[in-house]
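In what follows, a structure is listed as structure tokens, so that the remarks can point back to it.
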Amino acid sequence: YKNVDADKTYWTQPEQAGGDIVQALRMNIGILADSTKTKADHELAMKMVIHLMGDLHQPMHMGRSTDRGGNNVKVRYFGRDTNLHGIWDTNLVESAHKWGYTEWQQQIDRVPEEAEVVIIGGNLDDWG
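As numbered in the working numbering, residues 711 to 838 make up the sequence shown, in order.
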């Protein structure tokens with residue numbers, strides 16, 4: 711995750727002790743590019759990159775420390791008490807389409823080429 715105070719940006723926020731999600735992604739991408747690393751190192755780094763990319767696009771993992779990633783934001787979701795982080799991590803996933811690989815691929819294939827360029831463009835600095 712990365713906490714950014716309301717009056718700061720990613721670039722002006724002091725570094726977090728132990729690093730942040732963008733630094734962790736850079737480190738693991740570096741491992742993948744390092745031919746001296748073992749197959750096990752590469753496998754773990756790939757798992758981490760996949761997991762961290764998901765986390766990076768989860769709004770509760772890039773926000774204010776005061777709400778603890780949405781854990782302090784109490785809400786009711788379909789009559790059940792929960793918090794905002796829980797909705798993003800669990801409830802929305804559970805209520806999403808229960809498609810298999812083929813159905814998801816068909817939806818991805820429907821994206822116009824000009825939109826695809828925008829979707830896959832950028833880098834970690836843009837996304838963070």
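Glycine is no exception: its CB is placed at the ideal position from the N, C-alpha and C atoms.
Residue pairing by DSSP places residue 793 opposite 784 in a beta bridge.
In this chain, residue 801 is not harboured by any alpha helix (DSSP H), its DSSP state being neither H nor E. Counting along the chain, the unbroken alpha helix (DSSP H) around residue 811 starts and ends at 811-819. Under the DSSP assignment, residue 824 falls in the alpha helix (DSSP H) whose first and last residues are 823-830. Counting of Cβ neighbours within 10 angstroms places residue 717 among the exposed residues, the total staying below 16.
Within the same chain, Cβ atoms closer than 6 Å to the Cβ of residue 795 are found at 770, 779, 780 and 781, the five residues on either side in sequence being excluded. Membership of residue 732 in the alpha helix (DSSP H) is indicated by the continuous run 731-743.
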